[in-house]
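See below for the structure under consideration.
In the working numbering, the protein residues as written are 3 to 79.
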C-alpha cells in the first residue's frame, strides 16, 4: 500500500531478507530510505542514489515522509 502526497512515496513491504515489515521511502521512483524494526527499535537506513549524486529534496517533505513511514509501520505490525 502506497501513500504519496508529492514526490515522496511510502510503501509497506515484506522483503524476503527481513523478518518484519519495512516502510520503503521513494523519491521520484528511487528508494532513498527504509524504516524498519528488525532490532526491536525503529531504525532508519539511508540508501545512495543510483547515479552517485547527493540527494536533494525538501527537508519538510523528507521529515513528513519519515513520520508517515514510522506511523504506518508501527500500525502495520
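Yeah, the Cβ is synthetic: ideal placement off N, Cα and C, and Gly gets one too.
Bear in mind that the values here come from a model prediction, so they are computed numbers and not experimental data.
Among the options, which residue has its Cα nearest to the Cα of residue i?
i          : options        : result
residue 33 : 47, 41, 18, 42 : 47
residue 69 : 17, 19, 45, 31 : 45
Taking 8 Å as the threshold (C-beta atoms), are residue j and residue i in contact?
i          : j          : result
residue 74 : residue 14 : yes
residue 11 : residue 25 : no
residue 49 : residue 35 : yes
residue 9  : residue 30 : yes
I'd like the span of the beta strand (DSSP E) that includes residue i, first residue to last.
i          : result
residue 60 : Segment: none, residue 60 is in no beta strand (DSSP E) and carries neither H nor E.
Between residue i and chain B, is any beta-carbon pair separated by less than 8 Å?
i          : result
residue 28 : Judged by its chain identifiers, the structure shown contains no chain B, having just a single protein chain.
List the residues that DSSP assigns as beta-bridge partners of residue i.
i          : result
residue 21 : Paired residue(s): none; residue 21 is not in a bridge.
residue 47 : 36
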